[in-house]
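In my numbering, the protein residues as written are 313 to 686.
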C-alpha cells in the first residue's frame with residue numbers, strides 16, 4: 313500500500329477517475345514503499361501563471377512518474393484541439409503536453425535545490441481510465457498512455473512500472489541519456505524522501521507572538537518532524553503505542569490521530585483517565601463531532617451503563633463495579649451508539665496502567681482491540 317499525500321482524497325475531487333486511481337494506488341500491495349502526491353499545485357509553471365498535476369508517483373529504484381488523468385468516456389482531437397466528453401471547451405495542449413510541462417516546471421528547480429536527485433528518472437504519462445486510447449503519434453510514445461483496457465486488466469502498480477521501465481530503456485538507448493545510471497538503484501529511500509519533502513513538505517505556521525501570549529495553549533500545536541513521521545506510521549499499523557516523558561506532544565498526537573481518522577469517515581473514541589484532561593480533549597475535538605467522542609474512560613463507562621453515583625463512589629466502584637456494569641450494558645446494547653472504529657487511549661503512566669490492566673490488555677489484543685496510547 314502506497315503512502316498517500318494527503319492520506320485521504322479531498323472531498324471536492326469531482327473526477328471519479330481520480331478517485332478510483334487514488335484508491336487503487338493506495339490499496340495495491342505492490343506499492344508498499346511508494347509515495348503518491350495527489351493534486352499537486354505548481355506555482356512556478358514554465359508556460360502558465362500556475363498549474364497542477366493530478367498525481368506524482370515516487371517509486372524507489374525506478375523513478376518519478378507525473379500522471380495526468382483524463383476520465384472522459386469520449387476523447388477526440390480536431391484541428392489540433394482536444395475535446396473531452398461533452399465539454400465544448402477545447403484544450404490546445406492535450407494531456408501529454410500538459411503533464412510534460414508540469415513535470416519540467418517542477419524538475420528544474422528540484423534538481424537545482426536537491427543535487428542528490430539530479431540523476432533520478434522523471435517521466436510523464438496520461439491515463440484514460442474509461443476510454444480506449446491506442447493512437448500512435450510522433451508527439452508521444454504509445455507506452456506513455458494507459459487506457460481503459462489496461463486499466464481494467466492490470467494492477468495500477470504494473471501499469472506505472474511499465475511506463476518507468478520503458479522510460480529507463482529509452483534513456484539507455486539515447487546518446488543524450490549518458491547521465492543516466494541504470495544500475496544505481498535511484499531513487500533510494502533517502503532520495504525518495506528528499507523529493508517528497510521538496511514537492512509537498514510538512515510545515516506549520518504560528519500566530520504572532522502577541523496573539524500567542526493570549527493563547528498559551530497554542531504551543532501544543534507544534535509538530536516536530538518526528539511527530540509527523542509518527543502520525544504517518546499510524547496509517548500502516550492497526551495498533552500503535554507511543555511512550556515518552558511529559559511535554560513531548562503525545563496528547564497532541566492523540567488529537568491529530570482522531571482528526572485524521574474522522575476525516576476518513578471513522579468513528580473514534582478518544583479517552584483518558586483525568587477529568588480535567590478529558591474536558592480539554594472534548595473542547596479541542598468539538599468540531600469533529602459526532603464522529604469523535606472525547607472525554608474520560610470512566611465517564612464513557614457511566615454513560616454506557618447509565619450509572620450515576622453520588623459522592624464519586626468507592627475505589628471498588630471505579631475499578632470493578634463500574635467496568636462490569638459498562639461491559640454488561642454494552643453487550644446487551646442493540647442501538648450501536650457505542651460502536652467505534654478506532655480507540656485512542658491516553659495514559660499518564662503506561663507501565664503502571666499496563667500492570668494494573670494486564671488481563672484486559674491481553675483480551676483487547678486477542679479480540680482485535682485498537683490502542684494508540686499516551
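Beta carbons: idealized from backbone N, C-alpha and C, even for Gly. Source: prediction; values computed, not measured.
What residues are listed by DSSP as bridge partners for residue i?
| i | result |
| --- | --- |
| residue 595 | Residue 595 is not bridged to any residue. |
| residue 378 | 368 and 436 |
| residue 457 | 438 |
| residue 654 | 580 |
| residue 393 | 390 |
| residue 449 | 452 |
| residue 363 | 354 |
Can you look up residue i in the DSSP assignment and give me helix, strand or coil?
| i | result |
| --- | --- |
| residue 328 | helix |
| residue 424 | helix |
| residue 404 | coil |
| residue 348 | strand |
| residue 317 | strand |
| residue 444 | coil |
| residue 604 | strand |
| residue 430 | coil |
| residue 541 | helix |
| residue 626 | coil |
| residue 478 | helix |
| residue 563 | helix |
Here's a check: name, in chain order, each residue in its chain whose Cβ is nearer than 6 Å to the Cβ of residue i, leaving out the five neighbours to either side.
| i | result |
| --- | --- |
| residue 532 | In this predicted model, residue 532 has a pLDDT of only 46, less than 50, meaning its place in the structure is not dependable enough to derive any value. |
| residue 497 | 373 |
| residue 423 | 430 |
For residue i, which residues from the same chain have a beta carbon less than 7 Å from its beta carbon, with the 5 sequence-adjacent residues on both sides left out?
| i | result |
| --- | --- |
| residue 571 | 600 |
| residue 592 | none |
| residue 443 | 384, 385, 386, 387, 459 and 460 |
| residue 428 | 503 and 506 |
Excluding the 5 residues flanking residue i on each side, which residues of the same chain have their C-beta closer than 8 Å to its C-beta?
| i | result |
| --- | --- |
| residue 394 | 387, 388, 402, 403, 404, 405, 406 and 407 |
| residue 479 | 375, 433 and 435 |
| residue 619 | 613, 634, 637 and 638 |
| residue 576 | 319 and 320 |
The stretch 328 to 346 touching the stretch 401 to 414, judged by at least three CB pairs closer than 8 Å: No, because fewer than three Cβ pairs between the stretch 328 to 346 and the stretch 401 to 414 fall closer than 8 Å, the two stretches do not touch.
The stretch 460 to 479 / the stretch 411 to 420 touching (three or more Cβ pairs under 8 Å): By the Cβ test, the stretch 460 to 479 is not in contact with the stretch 411 to 420, since fewer than three Cβ pairs between them sit closer than 8 Å.
Sufficient close CB pairs (3 or more, under 8 Å) joining the stretch 631 to 641 to the stretch 539 to 554: Verdict: no, contact absent.
Touching by the beta-carbon criterion (3+ pairs, under 8 Å), the stretch 584 to 591 and the stretch 605 to 617: Here the stretch 584 to 591 makes contact with the stretch 605 to 617; the two share three or more CB pairs at distances below 8 Å.
Touch test, the stretch 487 to 497 against the stretch 345 to 359, Cβ-Cβ under 8 Å, three pairs minimum: Contact between the stretch 487 to 497 and the stretch 345 to 359 is absent: fewer than 3 CB-CB pairs across the two stretches fall below 8 Å.
The stretch 476 to 491 / the stretch 322 to 338 touching (three or more Cβ pairs under 8 Å): The stretch 476 to 491 and the stretch 322 to 338 do not touch, with fewer than 3 CB-CB distances between them shorter than 8 Å.
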